[in-house]
Amino acid sequence: MKRLAIFVSGNGTNMENILRSIQDGKIRGAEVSLVVSDNSQAYALKRAEKYNAECVVVDRKRFDSKESFEAEIKRHLERKKIDYILLAGFMRILSSSFVKTYQRRIINIHPALLPNFPGAHAIKDAWEAKAKTTGVTVHFVDKGVDTGPIILQREVPIEANDTLESLERKVHEVEYKIYPEAINLVLEGKAKPKKQGTKKS
Ligand code: GAR
């Protein structure tokens, strides 16, 4: 049984979808041993309660440096003997030293077709760029920002009658499908990560 930690900062719908997928047997061979939030007000913490998932809040403001903040997170991960870290709306950049410690063991979901629209506002950025298509990417985290090798990617066309809100809904629906699929691929040793290509304009 692999031991997962989910890192969150906000709403937590992807986290809840992972917890539910494990409960329903759609993600196999793993349990969520820890939820880590950098935000004590994150609604994700309320969602996690329903699944009796152990949560810790590690507030960046309480630490003098990124190094000591991450050292505290690592202490919790070691305490819980975590095998994989799943980022699910965790809005902080992890240092290259942290990433190195968990090489190929940190997975992120990003709401765009990377390498297009990296960063914190990907759905809005694709919408404002009037892109014809966007999507969702699940990837291993490397030391860059949203640059790591791709595990799964799925397209979401932007249609003439879409609004930003309808696009957000469609992107999230795809997230709830492909994050569990990608997690299963990694857990089963079947992931074939691909280097990111070049940006399409
Ligand atoms: C998700 O759409 C996720 O892809 C995105 O934040 C949202 C979190 O929603 N992550 C990023 O933009 C990372 N760059 P959730 O808290 O309801 O899962």
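Whatever position you read off the sequence shown (first residue = 1), add 7 for my numbering.
Where a beta carbon is used, it is the ideal one built from N, C-alpha and C, also for glycine.
Item: Is it right to say Glu195 is buried, meaning 16 or more other beta carbons lie within 10 angstroms of its own, or is it exposed?; Value: exposed
Item: According to DSSP, simplified to helix, strand and coil, what is His146?; Value: strand
Item: Measuring only from the beta carbon, is Val148 closer than 8 angstroms to any heavy atom that is part of the ligand GAR?; Value: no
Item: May I ask whether a heavy atom of the ligand GAR can be found less than 8 angstroms away from the beta carbon of Ile130?; Value: yes
Item: Considering only residues of the region 99-152, which uninterrupted beta strand (DSSP E) runs meet the minimum length of 3 residues and lie entirely inside it, listed in chain order?; Value: 113-117 and 140-147
Item: So, helix, strand or coil for Arg161, using DSSP?; Value: strand
Item: Give the straight-line distance between the Cα atoms of Trp134 and Tyr50, rounded to the nearest whole angstrom.; Value: 26 angstroms
Item: Tell me whether the beta-carbon of Lys107 lies closer than 9 angstroms to the beta-carbon of Lys68.; Value: no
Item: How is the beta strand (DSSP E) around Ala12 delimited, first residue to last?; Value: Lys9 to Val15
Item: Round the Cβ separation of Gln4 and Thr154 to the nearest angstrom and send it over; I've been treating them as touching at under 8 angstroms.; Value: Residue 4 lies beyond the range of the chain shown here (8 to 208); nothing can be said about it.
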